[in-house]
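Chemist:
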Amino acid sequence: MKKKVLALTLTAAMMLSMAACSSGGNASDAPQDNGGGETAEVANKDKPLVWFNRQPSNSSTGELDMTALNYNDSTYYVGFDANQGAELQGTMILDYVKANIDTIDRNGDGIIGYVLAIGDIGHNDSIARTRGVRAALGTAVEKDGAIVSDPVGSNADGSATAVKDGSLEVNGKTYTVRELASQEMKNSAGATWDAATAGNAIGTWASSFGDQIDVVASNNDGMGMSMFNAWSKANKVPTFGYDANADAVAAIAEGYGGTISQHADVQAYLTLRVLRNALDGVDIDTGIGTEDDAGNVLSDDVYYYDEAARSYYALNVAVTADNYTEFTDSTKVYAPVSNQLDASAHPEKSVWLNIYNAADNFLSATYQPLLQNYDDLLNLKVEYIGGDGQTEANITNRLSNPSAYDAFAINMVKTDNAASYTALLNQ
Ligand code: BGC
Ligand code: CA
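All residue numbers in the sequence shown are consecutive under our numbering, ending with 802.
Rendered as C-alpha cells:
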C-alpha cells in the first residue's frame, strides 16, 4: 500500500517534487482503489488532472504557473518541446531558401521578403515559433536577453524595431532577408490562431507587397493552409506551417513548403496515459518510459519528462518534400503505444476533457481524433467538450458536476486562467 500524502502546502509540494527529482523517485500518489473494483470516494481536488496543449503560465512573461502544475500530487502537463520545434521550423525555412536561391527572389531585388502569421501573442508555443523563424532568418532582435516576438504590423522599408533586416550569403552572393509584415491572427470575437483571419491578411499583404513576398511563414498549419489556399498556391510562393495536419501534409505535393510534426500521436497518448496511471495507482512512468503489461512503451527520442515542471514534452520532426509520405495520416496511433489494456486490470474510468476551441484545426482535426483512438485502448470513457475559443466560462459552465468524473484533462483558453478550473474542483 502506498503512503498517501494528505495535505500538501504549495511549498511542501514543490520541495517534494524537487526532492523526488534529485533522488530519481516518484512524487506521485494516486487515489487508491478500495480493492472491490469501486474507487473509494475521492474528493474532486484529489482527482488526477492533466493540463495539455496550453501550459499554465503567465501570458506576458511565459513564467510557468507552478501552483496550477502542482495542483495536487496527480497533476501533470503534456505538450511538446516548443523551442526545439521552433528551431526546426526556422531551419526548415532557411534550408528551403538556400536550396532554392536561384528562384526564390521573385522580383530580383536582392531582398528575400517574408510575411509571418502569428497565432496568439500570449501563447508560449506561438512566441517560440516567431522567435525560431526570426532567429534562423537573421531578423531577430533581442531585448532583456530574449528574442522579441512582437508583431511588426507592416515593415515595407525595414525600419521596424521588433525585427531587423537579416543578411544571407549563398553561393558568394549576399541577400537581405526582411520580415515585410506580421500580425496576430485574432478575430473580432477574440479567437486566436484564427485561420480565416490569416486568409484575409494574406490578401491585404499581397495587395500591398505583391512580388516582394517570397516566403510565407505561419505559426501553424490552420493559418498556413488558409493563406496557401487563398493566395500562395496560385502564386507559387512556398508556405510553411506547423502541426503536420493531414491537409497540410497532403499540400506539400502541391507546393506547400513544409510543416513540423509536434508528435501529436505521442502527446495524445501521454495526455490520457498519465490519468490512467494515476487512476490505477501505479508508477507514473508505466507505459511511458517503462513497458506496461500490454507492451506499450515510448523511447526517449520522442519525448522527455521534466519532473520539476511536472511536464511531459513530445519532440518535433520536420515534414518536408523529402519525407512527407510518412506523415499523411495524422490521426494514426503511434505503433509502440497502440496495445489495448486489459479491462479487468484497468477497469473503465470516466474522464472530463475539453478542447478550448472546437474550431481549431490542429486540436479538432488531429489531436481529438487521436485522443478518441487512445481512450478505447486505455479503457477511458471520455466526455469531450468543445469550447468557443474565446471565454473560459463557455467551458467551465459545462463542468457543473465534477463529482461525476474520475479525472480531468484541461485545455485552457488563456494560459493564465488555470484557477477558473481548479476553483471548480476545490468546491
Ligand atoms: C498548435 C496550434 C494550435 C494551438 C492551440 C498549438 O500547439 O500548434 O495549431 O492552434 O496549439 O492551443
Ligand atoms: Ca525580392
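All C-beta atoms, glycine included, are put in the ideal place defined by N, C-alpha and C. Treat the numbers as computed from the prediction; the structure is a model and nothing was measured.
Output the distance between the C-alpha atoms of leucine 728 and glycine 533, rounded to the nearest integer angstrom.
Modeler: 45 Å
Chemist: Suppose contacts are defined by Cβ-Cβ distances below 7 Å. Is phenylalanine 783 in contact with leucine 444 by that definition?
Modeler: no
Chemist: What's the call for glutamine 802, buried or exposed, on a 16-neighbour Cβ count within 10 Å?
Modeler: Under the 10 Å beta carbon count, glutamine 802 is surrounded by fewer than 16 other beta carbons and is classified as exposed.
Chemist: Hey, how far is the Cα of valine 472 from the Cα of alanine 521?
Modeler: Straight-line Cα distance between these residues: approximately 25 Å.
Chemist: For ligand 3, I want to know if tyrosine 631 counts as a neighbour, meaning its beta carbon is within less than 6 Å of at least one of the ligand's heavy atoms.
Modeler: By its list of ligands, the structure shown excludes ligand 3, since it contains just ligand 1 and ligand 2.
Chemist: Could you check what DSSP says for tryptophan 580 in three-state terms: helix, strand or coil?
Modeler: helix
Chemist: Alpha carbon to alpha carbon, what distance is there between aspartate 791 and phenylalanine 702?
Modeler: Each residue's alpha carbon lies about 33 Å from the other.
Chemist: Using C-beta distances below 7 Å, list every residue in its chain close to threonine 700, excluding the 5 sequence neighbours before and after it, in chain order.
Modeler: none
Chemist: Whole beta strand (DSSP E) runs in the region 654-718 with 3 or more residues, listed along the chain?
Modeler: 678-681, 686-689, 692-694
Chemist: Would you check if the distance between the CB atom of threonine 706 and the CB atom of leucine 745 is smaller than 7 Å?
Modeler: yes
Chemist: Is aspartate 735 close to ligand 1? I mean its beta-carbon at under 6 Å from any heavy atom of the ligand.
Modeler: yes
Chemist: Evaluate the contact criterion for the region 494-512 versus the region 717-728: three or more CB pairs, one atom per stretch, below 8 Å.
Modeler: no
Chemist: Let's see if you can read the secondary structure: which residues bound the alpha helix (DSSP H) around alanine 794?
Modeler: 793-801
Chemist: Does ligand 2 have a heavy atom nearer than 6 Å to the CB of isoleucine 486?
Modeler: yes
Chemist: Heavy atom of ligand 1 less than 6 Å from the Cβ of aspartate 618, yes or no?
Modeler: yes
Chemist: Could you tell me which residues DSSP pairs with phenylalanine 427 in its beta bridges?
Modeler: Val453
Chemist: Let me make sure I understand the geometry here. Which of Val545, Thr536, Thr579 has the alpha-carbon closest to that of isoleucine 487?
Modeler: That would be Val545, whose Cα lies nearest to the Cα of isoleucine 487.
Chemist: Is the closest heavy atom of ligand 1 to the C-beta of tryptophan 568 under 6 Å?
Modeler: yes
Chemist: Can you tell me whether arginine 506 sits near ligand 1, meaning its C-beta is under 6 Å from at least one heavy atom of the ligand?
Modeler: No, since every heavy atom of ligand 1 falls outside the 6 Å radius drawn around the Cβ of arginine 506.
Chemist: With distances taken between CB atoms, is the gap from serine 501 to asparagine 594 smaller than 7 Å?
Modeler: Here serine 501 is near asparagine 594, since their CB atoms are less than 7 Å apart.
Chemist: Per DSSP, glutamate 517 forms a beta bridge with which residues?
Modeler: Answer is Ile522, bridged to glutamate 517.
Chemist: Under a Cβ-count criterion, where at least 16 other Cβ atoms within 10 Å of its own Cβ denotes burial, should serine 557 be classed as buried or exposed?
Modeler: Counting C-beta atoms within 10 angstroms of its own C-beta, serine 557 has 16 or more neighbours from the protein chains shown and is therefore classed as buried.
Chemist: Rounded to the nearest angstrom, what separates threonine 741 and alanine 621 at their Cα positions?
Modeler: 8 Å
Chemist: Answer with buried or exposed for lysine 518, where buried requires no fewer than 16 other C-beta atoms within 10 angstroms of its C-beta.
Modeler: exposed
Chemist: My understanding is that valine 712 touches asparagine 671, with C-beta atoms under 8 Å, so please give their C-beta distance in whole angstroms.
Modeler: 4 Å
Chemist: What is the DSSP secondary structure of glutamate 544, reduced to helix, strand or coil?
Modeler: Shown here, glutamate 544 sits in a strand according to DSSP, grouped into three states.
Chemist: Tell me which same chain residues have a C-beta within less than 6 Å of the C-beta of serine 529, skipping the five on either side of it?
Modeler: Ala556
Chemist: Does DSSP classify tyrosine 644 as helix, strand or coil?
Modeler: Helix, per DSSP.
Chemist: Is it right to say serine 435 is buried, meaning 16 or more other beta carbons lie within 10 angstroms of its own, or is it exposed?
Modeler: exposed
Chemist: So does aspartate 500 have its beta carbon nearer than 6 Å to some heavy atom of ligand 1?
Modeler: yes
Chemist: For arginine 651, which of Val757, Glu554, Ile577, Glu462 has the nearest alpha-carbon?
Modeler: Val757
Chemist: What does the Cβ neighbour count give for alanine 570, buried or exposed, with the cut at 16 atoms within 10 Å?
Modeler: buried
Chemist: Going by CA-CA distance only, name the one from Tyr678, Lys789, Leu469 that's closest to histidine 638.
Modeler: Tyr678
Chemist: By the DSSP assignment, the beta strand (DSSP E) with tyrosine 759 in it spans what residues?
Modeler: First-last of the beta strand (DSSP E) with tyrosine 759: 755-761.
Chemist: Expressed to the nearest angstrom, what Euclidean distance is found between the alpha-carbon atoms of leucine 469 and alanine 510?
Modeler: Looking at the two C-alpha atoms, the distance is approximately 10 Å.
Chemist: Using only CA atoms, which one of Asp751, Tyr446, Phe737, Arg553 lies nearest to methionine 600?
Modeler: The shortest C-alpha to C-alpha distance from methionine 600 to any of Asp751, Tyr446, Phe737, Arg553 is the one to Phe737.
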